[in-house]
Amino acid sequence: MNLNQRIASYGKKLTKSEQRLVAELQAQHPQGLLESATQLARKVNTSASTVVRLLVKLGYESYAQAQMEARSEVTALLATPGTRASAVIGDDISIRSCLDNVLLHDQHNLATTFAALDVAAFEATVRLLTQRKARVHVLGQRHGAPIASHLALHLNLCLPDVRLMAATTPLFVEDEMLWIGEHDVLLAPTFRRHSLAITRAAKYFKEQGAQVVVMTDAPTAPPVASAHQVLLVRTSSASPFDSYTAALSVCNALIMAVAQRRKKELGAALERGEALWAKHWKENPG
0 MNLNQRIASY
10 GKKLTKSEQR
20 LVAELQAQHP
30 QGLLESATQL
40 ARKVNTSAST
50 VVRLLVKLGY
60 ESYAQAQMEA
70 RSEVTALLAT
80 PGTRASAVIG
90 DDISIRSCLD
100 NVLLHDQHNL
110 ATTFAALDVA
120 AFEATVRLLT
130 QRKARVHVLG
140 QRHGAPIASH
150 LALHLNLCLP
160 DVRLMAATTP
170 LFVEDEMLWI
180 GEHDVLLAPT
190 FRRHSLAITR
200 AAKYFKEQGA
210 QVVVMTDAPT
220 APPVASAHQV
230 LLVRTSSASP
240 FDSYTAALSV
250 CNALIMAVAQ
260 RRKKELGAAL
270 ERGEALWAKH
280 WKENPG
């Protein structure tokens, strides 16, 4: 439940100070909780301890938890870093608070992502990646690029045919799609702002009979329209910029699940890798 829902369901009597606080919070929701407890208390002529006690009555563990929820709502409402900056960056935030806020947000993102994750879609994705003759193409641009690189690097240790479709390669994305067919799988992490290239690539893969898996932050993301499987992750952040901690964690779970199914092949690949490194890249002692 968010703040307004907690207030509506609270059946006990509030003090006059608490009533003023409730009125202020509802009038300024969700931005009202972005201020410190002291600043909020000053607005309604009460104490910071009264603010904290009210939120505990409403079911929050702490003022920090209520603030984290408010920031999550603000970042969901404001579409760009520019519009979010003034809402989430305060004038008197300490370095310690920056650390604590990021930790709280990422813990919340992880918990809510894994609680709501479509397990059937996750299992189907693992089956697609490990099916015989599968050719896996990993495509990520903008904020999805480092996630795609992480996926491709580790899936390549587990699977024989993994390709990172990247703008830094000699081939353009469209040149890498000349031979797409029914044995191909596109794995595309994409977050706002969504790349048009990924939307078009997902559509083309689907048209060619390939399978499409999209990892994204919203069910309305454009590439979802062409996806056979969708993995949703939360990206709420204490800063103007989204956090991809939950996305990376889901990727790690995906890699682990694939590795479990390819245990023997993974072991052999790692041994070959160690042998190659020892023979060709390890520096010989002088």
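Under numbering that gives the first Met the number 0, residues 0 to 285 are what the sequence shown spells out, in order.
The C-beta atom is built at its ideal place from N, Cα and C for all residues, glycine as well.
All values derive from a computational prediction rather than experimental measurement.
*Per-residue DSSP class, three states only, for D117*: The residue you call residue 117 lines up with position 118 of the sequence shown. Of the three classes helix, strand and coil, the one that applies to D117 here is coil, per DSSP.
*S242 beta carbon less than 8 Å from that of D105*: Residue numbering aside, residue 105 sits at position 106 when the sequence shown is read from its first letter. Residue numbering aside, residue 242 sits at position 243 when the sequence shown is read from its first letter. Cβ atoms of D105 and S242: closer than 8 Å.
*How far does the beta strand (DSSP E) with L230 in it reach, from first residue to last?*
Position 231 of the sequence shown holds residue 230. First-last of the beta strand (DSSP E) with L230: Q228 to L231.
*Stretch pair the segment 262-271 + the segment 122-132: three plus CB contacts closer than 8 Å*: no
*Should the segment 110-118 be regarded as contacting the segment 149-164, the criterion being three or more beta carbon pairs within less than 8 Å?*
As far as the Cβ criterion goes, the segment 110-118 does not touch the segment 149-164, which means the pair count is below three.
*So, helix, strand or coil for H136, using DSSP?*
The residue you call residue 136 lines up with position 137 of the sequence shown. Of the three classes helix, strand and coil, the one that applies to H136 here is strand, per DSSP.
*asked:* Once DSSP output is grouped into helix, strand and coil, what is the label at T14?
replied: Numbered from its first residue, the sequence shown carries residue 14 at position 15. Three-state result, T14: coil.
_Minimum C-alpha distance to V21 - residue among A258, S35 and L54_ = On the sequence shown, position 22 is the one that residue 21 refers to. When each option's Cα is compared against that of V21, the closest is L54.
_Residue range of the unbroken alpha helix (DSSP H) whose run includes M255_ = As a first step, residue 255 is located in the sequence shown; it is residue number 256 there, counting from the start. Looking at the DSSP string, the run of the alpha helix (DSSP H) that includes M255 is T244 to R260.
*Just how far apart, CA to CA, sit L150 and T244?*
Taking the first residue of the sequence shown as position 1, residue 150 is located at position 151. Taking the first residue of the sequence shown as position 1, residue 244 is located at position 245. Distance between the alpha carbons of L150 and T244 is about 14 Å.
*Around the C-beta of M0, are 16 or more other C-beta atoms found within 10 angstroms, so that it is buried, or is it exposed?*
For the purposes of this step, residue 0 is taken as the residue at position 1 of the sequence shown. Exposed is the call here.
_7 Å Cβ shell around D183 - same chain, five flanking residues per side excluded_ = Here the question's residue 183 lines up with position 184 in the sequence shown. Counting only Cβ-Cβ distances below 7 Å, and skipping sequence neighbours, we find R134, H136, F204 and A209.
*Let me know the secondary structure DSSP gives M176 once reduced to three states.*
Within the sequence shown, numbered from 1, the residue matching residue 176 stands at position 177. Three-state result, M176: helix.
_Considering just the uninterrupted stretch of the beta strand (DSSP E) at Q210, what are its terminal residues?_
Within the sequence shown, the letter at position 211 stands for residue 210. Here the beta strand (DSSP E) through Q210 covers Q210 to T215.
*What is the DSSP secondary structure of A237, reduced to helix, strand or coil?*
Position 238 of the sequence shown holds residue 237. DSSP places A237 in coil when its eight states are reduced to three.
*Within 8 Å, strictly: CB atoms of T234 and F190*: Residue numbering aside, residue 234 sits at position 235 when the sequence shown is read from its first letter. Residue numbering aside, residue 190 sits at position 191 when the sequence shown is read from its first letter. It is a contact, given that the beta carbons lie within the stated cut-off.
*Between the beta-carbon of P188 and the beta-carbon of A147, is there less than 8 Å?*
Numbered from 1 along the sequence shown, position 189 holds the residue referred to as residue 188. Numbered from 1 along the sequence shown, position 148 holds the residue referred to as residue 147. The answer is yes: Cβ separation under 8 Å.
*Could you spell out where the beta strand (DSSP E) holding L185 opens and where it closes?*
Within the sequence shown, numbered from 1, the residue matching residue 185 stands at position 186. That run of the beta strand (DSSP E) goes D183 to T189.
_R141: first and last residue of the uninterrupted beta strand (DSSP E) it sits in_ = Within the sequence shown, residue 141 is the residue found at index 142, counting from 1. First-last for R141: undefined, no H or E at that position.
*asked:* Whole angstroms are fine: how far does the CA of F121 sit from the CA of V229?
replied: In the sequence shown, residue 229 corresponds to position 230, counting from 1. In the sequence shown, residue 121 corresponds to position 122, counting from 1. Their Cα atoms are separated by approximately 8 Å.
*Backbone secondary structure at V51 - three-state DSSP*: As a first step, residue 51 is located in the sequence shown; it is residue number 52 there, counting from the start. Residue state, collapsed to three classes: helix.
*DSSP state of L57 mapped onto helix, strand, coil*: For the purposes of this step, residue 57 is taken as residue 58 along the sequence shown, with counting starting at 1. In this structure, L57 counts as coil in the three-state DSSP scheme.
*Using CA coordinates, which residue listed in K56, A258 and R19 is at the minimum distance from R41?*
What you label residue 41 is simply residue 42 of the sequence shown in a count that begins at 1. Closest by C-alpha distance to R41, out of K56, A258 and R19, is R19.
*Compute the Euclidean distance between the alpha carbons of A277 and A267, then round it to the nearest angstrom.*
As a working note, residue 277 is residue 278 in the sequence shown. As a working note, residue 267 is residue 268 in the sequence shown. Going by the C-alpha atoms only, they are around 15 Å apart.
*In chain order, which continuous runs of the alpha helix (DSSP H) of length 4 or greater are located wholly inside the segment 23-47?*
36-42
*Candidates Y62, L186 and Q30: which alpha carbon is nearest V249's?*
Here residue 249 corresponds to residue number 250 of the sequence shown, with the count starting at 1. The residue with the shortest Cα to Cα distance from V249 is L186.
*asked:* Considering Cα atoms alone, identify which of S225, A69, F240 and L24 is closest to R141.
replied: Stepping through the sequence shown from its first residue, residue 141 is reached at position 142. The shortest C-alpha separation from R141 is found at F240.
*DSSP beta-bridge partners of R162*: Against the sequence shown, residue 162 aligns to sequence position 163. Paired residue(s): H136.
*Could you check the C-alpha separation between M176 and E282 for me, to the nearest Å?*
For the purposes of this step, residue 176 is taken as residue 177 along the sequence shown, with counting starting at 1. For the purposes of this step, residue 282 is taken as residue 283 along the sequence shown, with counting starting at 1. Spanning the two alpha carbons is a distance of roughly 39 Å.
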